[in-house]
Every structure is written in structure tokens, then in C-alpha cells.
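Sequence lines, in order, name chains A, B and C. According to my numbering, the stretch in the first sequence is residues -18 to 347, in order. According to my numbering, the stretch in the second sequence is residues -18 to 347, in order. According to my numbering, the stretch in the third sequence is residues -18 to 347, in order. We put the CB at the ideal spot given by N, CA and C, even for glycine. What follows is one structure encoded as C-alpha cells, with my remarks underneath.
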Amino acid sequence: MALTKEENETLTRVGPGTPAGEMLRRYWQPIGFANELRDKPRRKRILGEDVVMFRDEKDRVGVLALRCMHRGTSLEFGHIENGGLRCCYHGWLYDVEGKVLETPSEPPTSTFKERVRQPSYKVQELGGALFVYMGPEPAPLLPRYDVLARQDGKRALRARIINCNYRTATTPTWDEGEINPQVFELGVLNTYTRRAADGNRWAHVNYFVMPTMNKTGNVEEGHPTEHRASSSCEVMRWRVPMDDTSTIHYTVEFGAIVNGKMMGTIMTDRSAEGVQETTFGVYRWDDSIGWFGREDQDRAAQESQGAIFDRTTEHLGYTDRGVILLRRLYKESIEAVKQGRDPLGVIRDPEKNKLIRLIPHEDLLD
Amino acid sequence: MALTKEENETLTRVGPGTPAGEMLRRYWQPIGFANELRDKPRRKRILGEDVVMFRDEKDRVGVLALRCMHRGTSLEFGHIENGGLRCCYHGWLYDVEGKVLETPSEPPTSTFKERVRQPSYKVQELGGALFVYMGPEPAPLLPRYDVLARQDGKRALRARIINCNYRTATTPTWDEGEINPQVFELGVLNTYTRRAADGNRWAHVNYFVMPTMNKTGNVEEGHPTEHRASSSCEVMRWRVPMDDTSTIHYTVEFGAIVNGKMMGTIMTDRSAEGVQETTFGVYRWDDSIGWFGREDQDRAAQESQGAIFDRTTEHLGYTDRGVILLRRLYKESIEAVKQGRDPLGVIRDPEKNKLIRLIPHEDLLD
Amino acid sequence: MALTKEENETLTRVGPGTPAGEMLRRYWQPIGFANELRDKPRRKRILGEDVVMFRDEKDRVGVLALRCMHRGTSLEFGHIENGGLRCCYHGWLYDVEGKVLETPSEPPTSTFKERVRQPSYKVQELGGALFVYMGPEPAPLLPRYDVLARQDGKRALRARIINCNYRTATTPTWDEGEINPQVFELGVLNTYTRRAADGNRWAHVNYFVMPTMNKTGNVEEGHPTEHRASSSCEVMRWRVPMDDTSTIHYTVEFGAIVNGKMMGTIMTDRSAEGVQETTFGVYRWDDSIGWFGREDQDRAAQESQGAIFDRTTEHLGYTDRGVILLRRLYKESIEAVKQGRDPLGVIRDPEKNKLIRLIPHEDLLD
């Protein structure tokens, strides 16, 4: 069941032109938060590409290739002014779509700036997060997952770096004792119900959403909310490759307000800080549990596999059949893209995108 | 006399399957100290391989491949419990020989854990040091060198990193003005006697022991001990490759007690600290001598040759004939291994391994 | 107009045997300052080669290959004594030209030291700077540029590292709005005159001197000096590759004394410190201008292009024709060297080297 070296390569490489990279480029990917964009541009790395993200004076957000197309200086040092982002070197000015607005000291009659364009990507905001689309046109819809699109509560957003390949950072979402995975139109669904000691019925659900997201949770019958993660409210997580050996883990928590009251607690929002840096191999020790702090436990288990783990040496058991299923979906999605089709979970029908509700509704349960 | 590029490659590479790596794997190599193993496993790097070393609840020591054979998480973060080392990720439990004791959440009827095994290496303790054998079976005997096996005195152990190839870190043991090298069954022996100004006769000896050890010292005629290094007691040193560009220098000092009295001083034992890290290019300055401190002088001379020195450019003179001899022994030992024979210095006869006494006994002297 | 990948490679690589490296080796290159040489040797890196520079007891300066030809230890740790530099390892002693003066412990009859030689380079001092020649004999003359050779004023010298390829660190010397470039015997000359608001006539000049130098400045008609940079006195700058991805930027300022009075201010001399280290991506912020401090503005614009910028993606406009001209000169100079001729700007006629005066003299102006 272990991967061959070639399969491992295929699944782990994310740069332009790689099989998995092309597949991942068919989805809108989180690239940051609305709150982190203030008066300066922000440098970002995503799918092996360096880009700069900025908000212009009219509140439009742009994502451009990092290096100025003129002579290569980084636009992270550019100035936001005059309707765009101005390179600090020779002053070329770009709008949010990469259109060249000014090329100072070129002759007034020059048509040069009409003939060239700074590479750019489409970007949209939803629920405080910014999503970028790096694939071919026509772009699909930005999925309106419930934690992003609901308006009846509060939201908190965070992001931090996991210093290893995105595959290693994604697979633990499958580490469940009892699994009954079913492929559905967005990914894989695993559900079950159980009776607690007090006789009450609990509904559990584990959604894996292509390409790298998951949402897990449960709800007690009769509880006023429809879904909550065990320790908090509704939580969805994205793992976005920075490059082959670094991943950003985005978390969005949503707490519903029912009759004016929050149904649970949510984490502190840290979106204004942008992505939190972490150090490979350095984990916070928590004396109260005699182990790494909760936030670093998964990171230690993932990063210690190495930058890109060679999965020719692993041994998968019965409880790893979710991992095996996920690999199959990835391979099928890569193949779909090669054949010009959409991979699993890409949404183009507005009817299906009003609100994507990921909860343990009755028809899914046994 | 300079090496060709190919010879240099052959002698310096230590990973699995390399000629020198295979030769070095025919010897027991020090991997750490008994004192450094307490309640947590210790990560180690040796001959280009990452391993984890731990002591179980029954005081048995194990050396396993670093990454869990299940899904690749590092066992350096494992818990010592239930007769083995448990991976922090999905809880697989291994004993000191790599046997899988538990695979939590696999179905009770599964025979999976009988069919797989975590790679492991044999390990033995002698004189407070731990030695690992990474070659093919049958393993030879762990040599009982005097400084390790004697019981009539005190011992001190230390280890520190030299940030360069093991060959560069090994050759200075030959930098002697007067040398008269003789190949013997463990390596090379160099001896001479001299009369001091007071008329007393001194016996000097320099043992190079395959593959990377040496013991030097002298003794004045009539002195109650048989051997001592110039500044202390008996000292033996090992240089063990971590990988192609890092080496651990192990030092074991032994001071005999004669009539209840230590015959000299020995260094402070630091075995509980494990290997001491050093920083490439950073050396302690000693104002009292206007030069690097004694402990860093060799390291500066070695590391400044670069990670792997290109010996096609060196120029060996008459005083370097020990270096040339050592290269010949290495080449012969590599060739022996290729032909399925033991390299020089491997011991399989228990009669010869009762106590390997490396001293200037009379029959060696002129 | 963008470069092909091959052209970019050809222009950016500086090691021995590379086309641009061979071309650059036909010029004397600054390697440091006379003031930084005191009682210890200094390690230097230039054109991809590691060397050691030292001043012997007779005040002669030597530049030798860094690693001792005997067994490879770095001579940066050597001792200056007995007429040369002695390796700290086995004590071989070299004079400033690499001649082996002593090989301790070799037999007294050995002729070994007459038959070998430590590689060395010619070095000369001018104006407080040290220049090295790394090309084939016969070496050309060390050019006596005015800021180095004049005796009628004060001089200040500095050097700092730019963490990118020398090409990226050199081209900004061409970023001028109004340019009228003319190839002359040392490089490219750009001049113009203008009338200021007060009616006075200003003469401007921009010299690019092969291979990586420039001198810019202007003078108001009737001013007692012949030339000054806008903010100070006469300034010349050199960009010398350490290797393919690091460059040292040397600055020499000269302030003439006319009738006992300095005609302007010059920077503080920091030649005793040697080369100032800088950190890639770290730039001093200056709150008073809301931007990077003046000394770091160019470095930010240059380094952020990356270690070696891929110029296949740039877009050069009308104002970049100086950049295009410079590329042509480089290609022609590389071709000249291939054909055994001197590249542009190499000086062999002593008549032309009495004093190379780079000022806006009347016959150059329009």
C-alpha cells in the first residue's frame, strides 16, 4: 500500500506545471486575511510562487507577481499610491489587476505601458479571508462554506506555518478510530451516531473537503445548534502549500448566536497578524500535561517526518484506509485535470453555492 | 601522493552502500553514553542514518530507525512505556529490537503487527559507552579495549562534534615528528624509547586502531602505571561519522588506582550531557596563550579545511608517510569488505578479546 | 530586449574558467584596505575564490590561496612571523609570494620546499585600497584613477556587502533620466549641461568605468573644484564579486583642499574595519523619510531581485538603453578575452596612467 517514489513525487510537488500543482490551481486557495492588509503590501508565497498582496486606495485587493516586470525589484517594497502599487526602484505603477498605470521617465509618446502587464491573480474576500485563483479561466465559483458565509454569529481566523509538505500536513484529518468513508460531491464524508451513557443520541460527522480542508464535529440531539466541534464551535481548516516543503494551516471558527447568546466559545481572532511563523523542530512544552502544548502536537508529529516524507517505507494498516482513499481521490483529480475536466469539489453552479452547509443532518446518519 | 577525486570520494562518503560506509559498518561504533539515557529517547545520527536510542523500563537499550514505520513520525517524540517506545502519533509500540508490540485501533484479529518490524540495530554497553553494530550478521565481538574494560580505576567520558568529514578529523592522530609505523593486527603501531636529561628511559607508543581510533602515551621506566598520556592518564579517542560532513569525537580517559591512589588526573566526566554541540568556525580564544584554547586548536585546523577537503591539491612530505600508510590500510579494508572478508582490526576470537591492552610493553620497544 | 537564459548565465558567473570570470580577471580588483591589515591575516573571498591577505614584518602585503598546500588547513589561522605566514597546523611557512620558507620536521636534506609553492596573486596599494590581479601575465597597469591617486586633499574609504550577483549590484549606475551614452576608452561616458533657475550653468557627467565602476558628479561654472557629486566631493565606486551571489561595494571619496580649505565634506573613513557585513533582507528603516535609510535603499531594490535574477522575464524600456549598452560592452569584452585581446578599459601605457582624471571638462560638454 506504500507509495512508489514516482507516486510520492506526483502527489507532493506543487509548483507550476507539476501534476498536483495544476490540480491544486483549479481551486480557490486562501492566501491571507482582509485584516492584515493595511498601508503596506504583504509578500506571500503560495504553490511555489512568490506574490505580493495589497489593498489600493479604493479598497480593492490585488495579488501580483512579486518581482516588478521592469527590472525585477520586489514589489513588497512598493508604495501604495495613485491608484496602484508603485515599484520603489524606477517607479512603475501597477493597478490591482497588473495593468501598468505609469512608467516614469519613458518618453510621453511611448505606448510601452499599454503593451505589457504585470502578472496577476484573481482574488476575493469571504468571511474575512482572502482567496486567490491561480488556474486557467474560466475561474470556478468561490465556495460559500458555512463557516465563511454565515452571518448569524461570530468568526475567528488564524493561520500558522507547518514546516513540511502539505500532504503530511493534510492526512492526519483522517486519523479516526471508527471510519465509514463515503465519497460525496465535495470530498469524503464519514458519519456515525452513538448513544452516550445518559441515553442521549449524538451525531458525529467528519467532512474531508477537496483539496485540503476538513470539518469535524458532533451534536447532541435537541441542542440548539446543528453542529459543533468537540471543544468549541464549528471549525474548518485549510492546508495551503507555500511550496514543496512548507504549508500554511488556516483555521476558521464560527460560533452561532441563538436568541442573542453565543452557543459555545471560539478562539481569539488573530487575522490582523497575518500568518504566524513557527520554527521547525521547536515546540512549546506544556508541563501541565507533560507533553507538547496542544497547538504543537500535530506539528511535531508532522514536521518530524521530514520536509517531504519518503512514503515508500511506510506500512499502512486497516485504520489507514482513509489515507488510502484520499490518495485515490488525489490521483483521480490529477487525472481529471490532465483530461481538461474539473477535479472533485470544484463548484460552478450558483444554485449549489448559496450556502454549503457541512453538518450532520439527519439523512446522512445511520 | 595526493588523492584523485575518485579516491577522495571513496574514502570520505559514509552512507549505506558506499565503499567506506560499508567498511565502517563492520566495526562496533560508539553512539552515545549510558548516562545520557534517562526517561526520554535520544535522537542520534550515525553513518548518515537517523536513529533513536532509548532505555526501556527493564533497563534494556534499543537503537531503532528514527521514523516510525507506520506513517513516518519521529520516534524521538515517543513515550517510553509498556515495555517499549510508543510513537506519539498513532501509538504504535516497539520494543528495543523493533518488534511491534501494539498497533492501537487495528482490528483485534489483525496479524499485521506480527508481519512488520521497525528497523533496529544491535547495541552494547562497555565502560559507560554505548556501541552500535550496523553491519551484516554475524556481528563481530565488541572489542574490550583497556580504557573501556579495566575495573581497577576511574573512567571519564566525553563527546563533541567536529564539523567536517571524519577523515579530516582522524588523520591528525598521525602528526608525529618521529614515526616508525608498523602494521599490526588492530591497525598501526609506532613506538620509540628515549633517554631524558636525567638519564631515565621513557617508552613512547602511538597506537592507531582501525577504523578511527588512537591511543598515545608514554611511561617512565619504573613508574607504577604501565602507560599514560603526557598530560593525564590513559586516553583513547574515537571519531565516528555522523554523516559525510560531521563527526563525533569520543574521548575515554582511564586512571588506574594503585595502592588506593589515582596515578594522575583525569578530565571531568560529561557523559550525562551526551554529545556537546560545537559551532563551525567559532573557537574559544585563550588570552593566556594568545591562541585558540587547547580544546579548539585541532578543531580549527580540521574544520577550516572545509566540510570535505579536496585532497587533489595537497602536497604530502616525508613526515606525512603515516597519512599515506593509513590511506593504504583504508583501501585494503574497503577491498576486503568487497570480497566478503573482515577488514583489519575486527575481532571474532574471544581469546583475543579478554582485555586489549594498548601499552608500550617491552617487546614492542627498541 | 530581455536576456536569454544562456546570456544571463554568461554574464553572471564569475568563477575561474567562466567567460565573465575570465574577463573580470583581466582587471585589477579591489580586495580590501591597507588599514585593515594589522597583526593577523584576513580571509577574503573574491571572484569565487577563497584567499588570505596578510602584511609581513617588512610591510609587504601578500595574497595567497586560503588553504595550506600541505594538508589544507586555512591560513586565516596562520601566524605572521619569520618573514612570512606560518600555518597553524604543521607550521609550513610562506612568504608574500607563496614561496615555501620552512617545512618543519621534514628531513634537513629535503628539497621538497624548493619544488612546491603556495598559489598567490599580485597585490598593490593605491590611495589606501589594496588591488589584486588574478589574470594571466603580463599584468596590466593598476589604473591611477583620480580619487585614488590625487595627493591634494583627503580621502575616505568604505566597503560593504550587497547580497546578490554583481550584475544586479552594478546596473543601477545607469538609472538616469537623461542619458546620452558615448563609449570611450575606459567605458561609457554620459554628459549634459543645464542652466539652473538662477541662470548659472551646470556641467553634469556620468562615467561608467569598466568593468564595474562609476563616477558621477556635476560642477557649477566658476566653482573652485572641477567636479563633485551632488551631496559631497568626488566619489568613485567599485562592485567586486565575492562569488556568484555576493558582491562587495567599495566607495572611495576624495575631497580636494583648495587654498587650505576642504571643498565640501566627505564621509567618515571606515577602512580600518574592512568590509562591513550586511544581512540579506534586513534594511534600516528611517522614520524621518518614512522609508529605508538612504544607505539601504539601493540594496533593498537590488537584493530583492533575488540572488541571481532571471532576466528572461524583464521588460526594458527607452530609459533602459544604458543597461542594454552595458550588456553589449560586456559581451564584447568577454569575446575580446576569448580571442586573447585586452577587454575595454585595461591600461598598459604608462603615459595614459599618470593620472586618470574623470571630470566634466569642457571638451566633453555640449
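Host beta strand (DSSP E) of residue i (start-end)
i, result
"A:Ser252", "Where A:Ser252 is concerned, there is no enclosing beta strand (DSSP E), given that its DSSP letter is neither H nor E."
"B:Ile315", "Counting along the chain, B:Ile315 falls outside any beta strand (DSSP E), though it belongs to the alpha helix (DSSP H) covering Arg302 to Lys319."
"C:Asn199", "Met194 to Glu201"
"B:Lys(-14)", "B:Lys(-14) -> not in any beta strand (DSSP E); alpha helix (DSSP H) instead, spanning Lys(-14) to Thr(-7)."
"A:Leu82", "Val81 to Glu83"
"A:Lys25", "Arg23 to Ile27"
"A:Asp224", "Glu215 to Asp224"
Where residue i falls: helix, strand or coil (DSSP)
i, result
"A:Met4", "helix"
"A:Ala288", "coil"
"C:Asp277", "helix"
"C:Pro11", "strand"
"A:Tyr188", "strand"
"A:Ala237", "strand"
"A:Tyr299", "helix"
"B:Lys333", "helix"
"B:Thr260", "coil"
"B:Glu30", "strand"
"B:Thr228", "strand"
"A:Thr(-1)", "coil"
"A:Thr294", "helix"
Supposed close pair residue i, residue j - CB separation, criterion 8 Å
i, j, result
"B:Gly109", "B:Ala15", "5 Å"
"A:Leu336", "A:Arg136", "Not confirmed; about 15 Å, so no contact."
"C:Tyr8", "C:Pro192", "5 Å"
"A:Thr357", "A:Leu307", "Residue 357 of chain A is absent from the model: chain A starts at -18 and stops at 347."
"C:His60", "C:Ala140", "Incorrect: roughly 26 Å between the Cβ atoms, too far for contact."
"A:Thr259", "A:Arg280", "7 Å"
"C:Arg220", "C:Tyr147", "5 Å"
"A:Met4", "A:Ile315", "5 Å"
Problem - Runs of alpha helix (DSSP H) lying entirely within the stretch 88 to 171 of chain C, each at least 4 residues, in chain order - result: 93 to 96, 127 to 130 and 147 to 151
Exercise for the section: Mind listing, in chain order, the continuous beta strand (DSSP E) runs of no fewer than 3 residues lying wholly within the stretch 35 to 65 of chain C? Expected result: 42 to 46 and 60 to 62
Problem - Where the stretch 295 to 308 of chain B meets chain C: residues whose CB sits under 9 Å from a CB there - result: Glu295, His296, Leu297, Gly298, Tyr299, Thr300, Asp301 and Val304
Problem - Near-chain C residues of the stretch 62 to 95 of chain A (beta-carbon distance less than 7 Å), N- to C-terminal order - result: Cys69, Tyr70, His71, Thr84, Ser86, Glu87, Pro88, Ser91 and Phe93
Problem - Contact set between the stretch 41 to 56 of chain C and chain B, restricted to residues whose Cβ is under 8 Å from the partner - result: Closer than 8 Å at the C-beta level to chain B, one finds these residues of the stretch 41 to 56 of chain C: Arg48, Met50, His51, Arg52, Gly53, Thr54 and Ser55.
Problem - Residues within the stretch 250 to 284 of chain C neighbouring chain B, beta-carbon criterion of under 8 Å - result: none
Handout entry: Residues from the stretch 220 to 237 of chain A in contact with chain C, defined by Cβ distance under 7 Å
Key = Per Cβ criterion, the list is empty.
Practice task
Give, in chain order, every residue of the stretch 111 to 135 of chain C whose Cβ lies closer than 8 Å to some Cβ of chain B.
Solution key: none
Exercise for the section: Scan the stretch 318 to 333 of chain B for residues whose Cβ lies nearer than 7 Å to a Cβ of chain A and list them as they occur along the chain. Expected result: none
Handout entry: Proximal residues, the stretch -8 to 21 of chain A versus chain B, C-beta separation under 8 Å
Key = none
Exercise for the section: May I ask you to list, following chain order, the residues of the stretch 95 to 106 of chain C that have a beta carbon less than 7 Å from some beta carbon of chain B? Expected result: Val97
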